[in-house]
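Taking it in order: structure first as structure tokens, then the write-up.
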Amino acid sequence: MIDKDNFLKFISDNFSYDQLYIDKFMPELWFIEIDCFPNKPYKLAIAIYDENIRLATIEKEPAIDFSLYDFIFKENKEAELFIEKIIQEKSFPFHLKQ
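Numbering-wise, the sequence shown is residues 1374 to 1471 according to the working numbering.
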């Protein structure tokens, strides 16, 4: 089970407010977009469900398409470690795609 509030706090602690778009769409589904890739045409998109966290990149131009995800995590810590890797590398780890 995902602790959505705890994960949102982790995200808020690691990114500035102006980088974030947060939509608590339904109690069981929240969306976050993070503009964390300087000089790139994409941003990080996160869907937080009760049972997992899904991450993908999306174009910075307005569009919502959460039909495909690059990574899905079932534990907060897994997703947090992945986000920390993004922060360190300042890039999306495309090389880790399955």
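Glycine residues also receive a C-beta, built at the ideal position from the N, C-alpha and C atoms.
All figures in this text were calculated on a predicted structure; none of them were measured in a lab.
CB-CB under 6 Å to residue i, same chain, minus the five flanking residues each way: which ones, in chain order?
{"i": "alanine 1429", "result": "Ala1418, Tyr1442, Asp1443"}
{"i": "serine 1389", "result": "none"}
With residue i and residue j assumed to form a contact (beta carbons below 8 Å), what rounded beta-carbon distance in angstroms separates them?
{"i": "asparagine 1412", "j": "isoleucine 1375", "result": "Actually they do not touch by this definition, with Cβ atoms about 32 Å apart."}
Under 8 Å between the Cβ atoms of residue i and residue j?
{"i": "leucine 1465", "j": "isoleucine 1421", "result": "The residue you asked about is not leucine; residue 1465 is phenylalanine in the sequence shown. No, the Cβ-Cβ distance between phenylalanine 1465 and isoleucine 1421 is not below 8 Å."}
{"i": "glutamate 1401", "j": "aspartate 1423", "result": "yes"}
Return the chain-ordered list of same chain residues with a C-beta closer than 7 Å to the C-beta of residue i, the five sequence neighbours on each side being excluded.
{"i": "proline 1414", "result": "Glu1432, Lys1433"}
Using a Cβ-Cβ cut-off of 8 Å (strictly less than) and excluding sequence neighbours within five positions of residue i, which residues of its own chain qualify?
{"i": "aspartate 1396", "result": "Trp1403, Phe1404, Ile1405"}
Indicate whether at least one CB of chain D lies closer than 8 Å to the CB of residue i.
{"i": "asparagine 1425", "result": "Within the model displayed, chain D is absent; a lone protein chain is all it includes."}
Meets three-Cβ-pair contact criterion under 8 Å: the segment 1444-1453 and the segment 1397-1409: Taking 8 Å as the limit for Cβ pairs, the verdict is that the segment 1397-1409 does not touch the segment 1444-1453.
Stretch pair the segment 1383-1394 + the segment 1452-1459: three plus CB contacts closer than 8 Å: Yes, they touch.
Unbroken stretches of the alpha helix (DSSP H), 4 residues or longer, contained in the segment 1391-1463: With a minimum length of 4 residues, the continuous alpha helix (DSSP H) runs that stay inside the segment 1391-1463 are 1449-1462.
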